[in-house]
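Residue numbers (our numbering): 44 to 303. Beta carbons are placed, not taken as given, at the ideal position from N, Cα and C, and that holds for glycine.
Here it is as structure tokens:
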């Protein structure tokens, strides 16, 4: 565990958190801020879940909204954390002074070759490297239980040539692919999508009769190269089922030659 707290703040802050049961962001939350006016000191603190790890960073915001820093409080903080079952089950406590893990460099999967462009990239063949490096998924475990054993949700597909598809996608999730673009130029990007999500709207008429109708729920994806959105928003609506597949396109996308 990583912590930066001033001595006069540490014990009271952790006791307050434990008493009020606020060791809650075990799975998905990456940042939790306690506002001014709470019973703890200082007026606010930031709790950060470090991407790609089970580490937890707790930072105190001092008076004047600065980050308060203090070394040597790890034993007190760890003792408090061990006594809280929510935190104990969700996070592995690190030894004091443990070095910061070296960032993971994503590698192509299945490899060793990069995905060629032009070419076809299977959604389930995202890079190796784990959460925060090769993908971001908001839930733990593989909901579909197929193909790979990390947190990306993969199932068997009925689309075209069979194989697998990535599903259970939520806003903010992403996948990364190491690619090798053959030459500078403009390319058409085709993505296979399926969705059963529509929205039903109901209204009660003056006579008491209730009428309902379906409103298409628009979903949007985009494609980035080296962190730059090259496709723009690519919208699609429900296709009639989670395995009713169709294609959406972003055309004449400019790409640079080389590995990326």
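Excluding sequence positions up to five before and after residue 301, its CB lies within less than 8 Å of the CB of 223, 224, all in the same chain and listed in chain order. Across the set 206, 293, 161, 186, the C-alpha of 293 shows the shortest separation from the C-alpha of residue 263. For residue 298, the enclosing beta strand (DSSP E) stretches over residues 284-298. Judged by DSSP in its simplified three-state form, residue 219 adopts coil rather than helix or strand. If you draw a 10 Å sphere on the C-beta of residue 238, you find 16 or more other C-beta atoms in it, and that means buried. According to the DSSP assignment, residue 191 belongs to no beta strand (DSSP E), since it is labelled neither H nor E. As a beta-bridge residue in DSSP terms, residue 279 pairs with 262. By the beta-carbon neighbour count (other beta carbons within 10 angstroms, threshold 16), residue 208 is buried.
Shown here, residue 208 sits in a strand according to DSSP, grouped into three states. Per DSSP, reduced to three states, the secondary structure at residue 237 is strand.
Judged by DSSP in its simplified three-state form, residue 164 adopts coil rather than helix or strand.
For a cut-off of 8 Å, the C-beta gap from residue 220 to residue 195 is around 12 Å, too long to register as a contact. Exclusion of the five residues before and after residue 236 leaves 279, 291 as the residues of its chain whose Cβ lies within less than 6 Å of its Cβ. Taking all protein chains shown into account, residue 215 has fewer than 16 neighbouring C-beta atoms within 10 Å of its C-beta and is therefore exposed.
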